[in-house]
Ligand SMILES: [Zn+2]
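Numbering (the numbering used here), first residue to last: 210 to 444.
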């Protein structure tokens, strides 16, 4: 029989051996995990997040001669399609930009000819504004549009039947037109966007173009899919 002190020594050695085996195994597991992560990273799956749903970026008041082509270049690189609600007068001034946007898969919608707000007194004028803008969009892109973003959100449901126009409002408004702070605009959009969000921006500002492309990169990596508004409204 072993005496008390020897027992303690043997037990200590045994525990030490068990601990060593355990540590060795843990080390092995850690190495395996590291190797696995490296394989996954190499295969490009590392950043893929689960699918979070569709969202739509929309740009009002354009096209702008400088900012819109810059935005189109960035969107093309990222293979992302958005919706532009253009004014008829800007289509008249920059038809090639609208044609290009349409050809690259973006949806072109109506934002009235002269950016007119519907009031109780201008119903007839407003109707003409919609029709003339539809006409010029069709002339330039070869496609009919049935989507309108009424300036300031003022709308009358009667036009939906009368003119076969569908109003497109928004649920995320980062107020990009009153701030040149790109980070602020990006943060605002990130904190309010969820599945099926329609984000309102304006392609007439450098800061908006920079912010929009950052938003695309971040939300795509988070698992969102960017689509044109028709895919959110009618799917
Ligand atoms: Zn507007």
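Backbone N, C-alpha and C define an ideal beta-carbon position, used for all residues, glycine too.
| Query | Result |
| --- | --- |
| Based on Cα-Cα distance, which residue from 279, 337 and 345 lies nearest to residue 304? | 345 |
| Taking C-beta to C-beta, are residue 397 and residue 441 nearer than 7 Å? | no |
| Quick check: is any heavy atom of ligand 1 less than 6 Å from the C-beta of residue 365? | no |
| Let me know the secondary structure DSSP gives residue 263 once reduced to three states. | strand |
| State the CB to CB distance for the pair residue 407 and residue 436, rounded to an integer number of angstroms; the pair is presumed to be in contact (CB under 8 Å). | With a Cβ gap of about 10 Å, residue 407 and residue 436 do not count as contacting. |
| Quick one, are the C-beta atoms of residue 270 and residue 401 less than 7 Å apart? | no |
| Would you mind giving the Cβ-Cβ distance between residue 261 and residue 431, rounded to the nearest angstrom? I have them listed as a contact below 8 Å. | 6 Å |
| Starting from the Cα of residue 426, find the closest Cα among 288, 371, 367 and 274 and give me that residue. | 288 |
| Examine the Cβ distances between the segment 381 to 391 and the segment 342 to 360 and report whether three or more of them are shorter than 8 Å. | no |
| If we require 4 or more residues per run, which alpha helix (DSSP H) segments fall completely within the segment 343 to 409? | 367 to 371 and 391 to 401 |
| To the nearest angstrom, how far is the alpha carbon of residue 298 from that of residue 383? | 25 Å |
| Pull up the CB-CB distance for residue 418 and residue 276, whole angstroms please, since I reckon it's below 8 Å. | 5 Å |
| Identify whether residue 304 lies in helix, strand or coil by the three-state DSSP scheme. | helix |
| Taking the straight line between their C-alpha atoms, what separation do you get for residue 349 and residue 399? | 34 Å |
| Could you work out which residue in 352, 296, 369 and 323 is closest to residue 312 when comparing CA atoms only? | 352 |
| If you draw a straight line from the C-alpha of residue 327 to the C-alpha of residue 279, how long is it? | 31 Å |
| Would residue 379 pass as a contact of residue 409 if the rule is Cβ separation under 7 Å? | yes |
| Between residue 439 and residue 274, what straight-line distance do the alpha-carbon atoms span, to the nearest angstrom? | 26 Å |
| Could you tell me the alpha carbon to alpha carbon distance between residue 324 and residue 333, rounded to whole angstroms? | 15 Å |
| Which residue marks the beginning of the beta strand (DSSP E) containing residue 316, and which one marks its end? | 316 to 319 |
| Return the CA-CA distance between residue 347 and residue 268, expressed in angstroms with no decimal places. | 19 Å |
| Listed by chain order, which residues have C-beta atoms less than 5 Å from any heavy atom of ligand 1? | 269, 270 and 360 |
| Can you tell me where the alpha helix (DSSP H) holding residue 418 begins and where it ends? | 415 to 430 |
| Residue 292 by DSSP, collapsed to three states: which one? | strand |
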